[in-house]
Structure formats: structure tokens, C-alpha cells
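Okay, so here's the structure we're looking at.
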Amino acid sequence: MGNQVVAENVGTTALSAASLTKIATTLAAISTWGVDHQFETIVSATAQPQNGVVTGDLIVQGGGDPFFVWEEAIALANALQEMGVDRVTGNLVIAGNFAMNFQTDPAASGRLLRQGMNSGAWNAEASNQFARLPQGTARPNLRIDGDVRVVSLSEAQARSIVPVVRHRSLPLSQILKAMNSFSNNAMSEMLAVQLGGGAKVAQTVAQTAKVPPEEIQLINGSGLGTENRISPRAVTAMLLAIQTYLQPQQLNVADVFPVMGRDRGTLGRRQMPAGAAVKTGTLNEVSSLAGVIPSARGQFGLRSSIVGLQILSELHRSAGFAAAARPTGVGSRIDRAGDSTGESRSTSGKSAWRTQSESEVRFAGLGVGCRASAGRRDARSRVFPRLGTENWRSPNPFLDTAR
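Here the sequence shown is numbered in my numbering, starting from 20 and rising by one per residue.
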């Protein structure tokens, strides 16, 4: 049985989508970079380390990682100290597209990075995140004496005499999972900017999902603002397109969207069937929902339905924010997919959204299943050989270090 439209209301009308816009950002990111893409942050120095000290500056060239948080700073510092860098007498120089803890200002991100690399300067948040890392993770103590400076990428590259560490982000699929689970606007905006902006994202996904461009109208990649409009048909087509890209990698939509009953985040107290993989969206004027809902189908599997979009315009009273639904501007689409089965495994990423149990969700109608297990898949730092030093023993051009 192929895909069938079971019910539809205003299915081709572009409506304010709120954070369902992140479905478009997700599809654009996957179709542009691939699910295994990793963002790289390059660290170099203006002088070779001597007895643990760099007499000069430490240079960080950002590569657009939208999920560089405390854990990344800790992993990076541990890798640097493994390479013999314990102290920098000069400045921490930031260049390129670098953000930390969702702060897009490079100077502010640089200050957070300097703090994160020195456990003596940690605040409670950094300490709490460290406590969730695997047992035995070292507490970094990398001291930078100077200030944080922001320079152009060309200047940074000209001054980068000694390459030290190449830090790689989590795979894109896990970054998208975290972004969608908590509907993180900063992450989605960072991705959308790298993809060319909201209008470019809309153009990309309209072509990829094969829907008319007028059904996807975006001004950004997060969904902030009622000007982001998507039709129920378009969001359904985007979910199917995402599934198409994920399937060859033995992944499915549950690997990039939160699953009811398993993942933390925006699903929270919502009343939905366990195992539903959905994306929510909320503004003062909009409430939206889209995703895959499994339904019982005998004892041999589950049949999947895709809820394309359901948007309710709400009128909020300033005191209690009580809402009265209006009958206009409501659109929905429900598709039923075909019947085939399979299975894949995914692992959660950052400790901030880990779960403690293993659950299995099977989406027979989408042709795959997803077994999601607890724990974290480590981001890794790749360490350059220390040029001219005696302690480099690896025959490989890089040393992989995992936190």
C-alpha cells in the first residue's frame, strides 16, 4: 500500500508554522551536508609550547558548530593539555564562525570558552555538566593569561604557526535531535544562516520535497515570527523527504525529532501516543504539531500515520493567557504510509538530554524502525602532532581523543 491521504483540511494553504519551521531547517541541513556531517573547530598557537607554556596566543577558528557547549570546552582543553599546553601567556584569539552555549557573539563565546577550559573558573552550570560526563573524565586546568580578542579569519590563519587540535562536533543527526527536542532557536538560526538564510532554506526544501514554493514561506530558520508560513501538505512532504535521506543511513525521523515517552524537551506534559515522533511549535498566536504517530496493527507491527500540520490560532488574555480557539486558519493533513519493516539504532548526544533507559519505536509504515539507547555518543577532538617535540608517538597524522 503506498502513501494515502486519509484526511485533509486547508492542506495546501500556507499557515503560520511557529517552530515547525525547524522541520524545514532540518531537511535543508540534511540534504546539504548529510547526516554524518561534523563541524570542525581548529585550534592553533602562535608559538610552540615549551614546558607546558605557549609564549604567545591561542587561536580558535570556528567552523559553525551550533552545539559547542561546556562539554566541548572541557574536551578541547583536555586535548590541549594532552598535547602539552597547560598555560598560554598571550590572548585567546577567536576567528571564524564560533559560538558557545548558544551565544553567537564571538567575544562572549570566547570568554565562555576560556572559563570552560579552566575548572578553577567554572560556575555551577559548568560543574553540573562536568558531573554528567563519563566517569574518569579529567578536569581541565588550562590557564590563559591574556584577554579574548576577535580577529578576521584571514588574520587568524596568517598567525596560526603551530596547529594543535582539530575538534569535531557531534554528527549532524544528533545535533538536529537536540535542536528539535528542545526547539532551540539559537541552534536553528545558526544552521539556517550557514545554509543561506530563511528564504534560501525555503527554496531548498521546496525543491527537495517537491512542493510549490508558495507553500513554504520563511524569514528565518527557527520559526520566530508569524511570517514563517508552511502548508500542511508541505510539512508532510518534508517529513517524508527527511525519512528518505535518513533511511540509507539506517536512521529514521525518530533520530532527529523527539519521541513521546522517551525524550525530554518540548513534549513534556503533552498528551500523545507513546512512541510518536513529533515536532511542536508555539507562539502567542500559534500552536502547531507535526510528526509520525504509530498505531497498533495486529501483533506483527505498527502502522504509521504522519500528521502534517495542525495550527490553532489563539487569542490570549494578558492576565492569565487563557486561550480561545478560533475556527478560522486551521489546517491539517494526515497521510498513511505503506507497510514494510526494518530496524536501526541511534544513540543520544549531549548529557543535557540523555535518557536513562532503552526503548524501541517501530515505524512499520515508514519502512524502518528505531532503537534508541541511553548514553552519549562522544564528540571527539583530533589532535595535530606537536611539531618538533619528543612526546609525539602516534604513527597517525591525528590523535583522536574522546571525552
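Think of the CB as a built atom: it goes at the ideal place given N, C-alpha and C, for glycine as much as any other residue.
Cβ-based burial, A26 [other Cβ within 10 Å; buried from 16]: The count along the sequence shown starts at 1 and reaches residue 26 at position 7. Around the beta carbon of A26, fewer than 16 other beta carbons sit within 10 angstroms, so the residue counts as exposed.
Beta-carbon separation (whole angstroms), P190 vs D55, contact threshold 8 Å: In the sequence shown, counting from the first residue as 1, residue 190 sits at position 171. In the sequence shown, counting from the first residue as 1, residue 55 sits at position 36. With 8 Å as the limit, P190 and D55 qualify as a contact, their Cβ atoms being about 5 Å apart.
Enclosing alpha helix (DSSP H) for I42 [first to last residue]: Translated into the one-based positions of the sequence shown, residue 42 becomes position 23. Its alpha helix (DSSP H) spans residues T40 to W52.
Test item: CB-CB of V184 and V62 under 7 Å: As a position in the sequence shown, residue 184 is number 165, starting the count at 1. As a position in the sequence shown, residue 62 is number 43, starting the count at 1. Taking 7 Å as the Cβ cut-off, V184 and V62 qualify as a contacting pair.
Helix, strand or coil at V326 according to DSSP, with G and I counted as helix: Walking along the sequence shown from the start, residue 326 turns up at place 307. Residue placement at V326 cannot be trusted, given a pLDDT of 40 that sits under 50; what the coordinates show is reported in the next sentence. DSSP, read as helix, strand or coil, puts V326 in strand.
E101 vs G82 beta-carbon contact at 7 Å: Translated into positions along the sequence shown, residue 101 becomes position 82. Translated into positions along the sequence shown, residue 82 becomes position 63. No. Outside cutoff.
Buried/exposed call for K196, threshold 16 Cβ in 10 Å: As a position in the sequence shown, residue 196 is number 177, starting the count at 1. Looking at its Cβ environment, which holds 16 or more other Cβ atoms inside 10 Å, K196 is buried.
Spatially closest choice to S179 from A296, A114, L243 and V305, by CA coordinates: Residue numbering aside, residue 179 sits at position 160 when the sequence shown is read from its first letter. Closest by alpha carbon: A114.
CA-to-CA distance, F201 to S35, given in whole angstroms: Taking the first residue of the sequence shown as position 1, residue 35 is located at position 16. Taking the first residue of the sequence shown as position 1, residue 201 is located at position 182. If you draw a straight line from the Cα of S35 to the Cα of F201, it comes to about 20 Å.
Sufficient close CB pairs (3 or more, under 8 Å) joining the segment 94-110 to the segment 157-173: Yes, since at least three Cβ pairs between the segment 94-110 and the segment 157-173 fall closer than 8 Å, the two stretches touch.
Nearest candidate by alpha-carbon position, reference S188, set A66, E90 and V305: Against the sequence shown, residue 188 aligns to sequence position 169. Ranking A66, E90 and V305 by CA distance to the CA of S188 puts E90 first.
Contained beta strand (DSSP E) runs [length at least 3] in the segment 189-267, N- to C-terminal order: List check, beta strand (DSSP E) in window: nothing returned.
Inter-residue spacing [alpha-carbon to alpha-carbon] between H186 and L95: Residue mapping note: residue 186 aligns to position 167 of the sequence shown, counting from 1. Residue mapping note: residue 95 aligns to position 76 of the sequence shown, counting from 1. The straight-line gap from Cα to Cα measures roughly 7 Å.
From S50, V72 and V297, residue whose alpha carbon lies closest to that of G109: Translated into the one-based positions of the sequence shown, residue 109 becomes position 90. Answer by Cα proximity: V72.
Integer-rounded CB distance, given that A260 should sit under 8 Å from T227: In the sequence shown, counting from the first residue as 1, residue 227 sits at position 208. In the sequence shown, counting from the first residue as 1, residue 260 sits at position 241. Here T227 really is in contact with A260; their C-beta atoms are around 5 Å apart, less than 8 Å.
Coil, strand or helix - G300 by DSSP: To locate residue 300, count along the sequence shown from 1; it is residue 281. Per DSSP, reduced to three states, the secondary structure at G300 is strand.
Backbone secondary structure at G115 - three-state DSSP: Sequence index remark: in the sequence shown, residue 115 carries index 96 (1-based). G115 falls in the strand class under three-state DSSP.
K229 classed as buried or exposed, judged by whether at least 16 other C-beta atoms fall within 10 angstroms: Start at 1 with the first residue of the sequence shown, and residue 229 comes out as number 210. So K229 counts as exposed.
Enclosing alpha helix (DSSP H) for G129 [first to last residue]: The residue labelled residue 129 in the question sits at position 110 within the sequence shown. From DSSP, the alpha helix (DSSP H) with G129 extends over P125 to G135.
Under the three-state DSSP convention, the category L95 falls into: For the purposes of this step, residue 95 is taken as the residue at position 76 of the sequence shown. If DSSP states are grouped into helix, strand and coil, L95 belongs with the helices.
Supposed close pair R252, Q236 - CB separation, criterion 8 Å: As a working note, residue 252 is residue 233 in the sequence shown. As a working note, residue 236 is residue 217 in the sequence shown. About 14 Å separates the CB atoms of R252 and Q236; that is not less than 8 Å, and the two are not in contact.
Through-space distance from S38 to Q222, alpha-carbon basis: Residue mapping note: residue 222 aligns to position 203 of the sequence shown, counting from 1. Residue mapping note: residue 38 aligns to position 19 of the sequence shown, counting from 1. So the two alpha carbons sit approximately 18 Å from each other.
Status (buried if at least 16 other CB within 10 Å, exposed otherwise) for D124: In the sequence shown, counting from the first residue as 1, residue 124 sits at position 105. Under this definition D124 is an exposed residue.
For G83, the residue or residues it bridges with in DSSP: Stepping through the sequence shown from its first residue, residue 83 is reached at position 64. Note: G83 sits in no beta bridge, so no partner.
With 16 other Cβ atoms within 10 Å as the buried cut-off, status of P277: As a position in the sequence shown, residue 277 is number 258, starting the count at 1. Buried, since its Cβ has 16 or more Cβ neighbours within 10 Å.
Cα-Cα separation, A296 to V224: Within the sequence shown, numbered from 1, the residue matching residue 296 stands at position 277. Within the sequence shown, numbered from 1, the residue matching residue 224 stands at position 205. If you draw a straight line from the Cα of A296 to the Cα of V224, it comes to about 20 Å.
Cβ pair Y264, I42 closer than 7 Å: Within the sequence shown, numbered from 1, the residue matching residue 264 stands at position 245. Within the sequence shown, numbered from 1, the residue matching residue 42 stands at position 23. Between Y264 and I42, the gap from beta carbon to beta carbon reaches 7 Å or more.
Between the CA atoms of F87 and E246 - distance to the nearest angstrom: In the sequence shown, counting from the first residue as 1, residue 246 sits at position 227. In the sequence shown, counting from the first residue as 1, residue 87 sits at position 68. Taking the straight line from one Cα to the other gives about 29 Å.
Three-state secondary structure assigned by DSSP to V272: Looking up residue 272 in the sequence shown gives position 253. DSSP places V272 in helix when its eight states are reduced to three.
Residue from S307, D84 and T74 whose Cα sits closest to the Cα of S192: Taking the sequence shown and counting its residues from 1, the one referred to as residue 192 is at position 173. Checked all of S307, D84 and T74; the closest Cα to S192 is D84.
Three-state class that DSSP yields for G30 in the structure shown: Translated into the one-based positions of the sequence shown, residue 30 becomes position 11. Coil, per DSSP.
Where G75 falls: helix, strand or coil (DSSP): Position 56 of the sequence shown, counted from the start, is the residue given in the question as residue 75. DSSP places G75 in coil when its eight states are reduced to three.
Spatially closest choice to S171 from V181, N116, L302 and G215, by CA coordinates: For the purposes of this step, residue 171 is identified with residue 152 of the sequence shown, where counting begins at 1. When the alpha-carbon of S171 is set against those of V181, N116, L302 and G215, the nearest one is in N116.
Where the alpha helix (DSSP H) through S173 begins and ends: The residue you call residue 173 lines up with position 154 of the sequence shown. The continuous alpha helix (DSSP H) containing S173 extends over residues L172 to R178.
First through last residue of the beta strand (DSSP E) which encompasses A64: Counted from its first residue, the sequence shown places residue 64 at position 45. Where A64 is concerned, the enclosing beta strand (DSSP E) stretches over E59 to A64.
Burial state of E174 (16 or more Cβ within 10 Å): The sequence position of residue 174 within the sequence shown is 155, counting from 1. That one is exposed.
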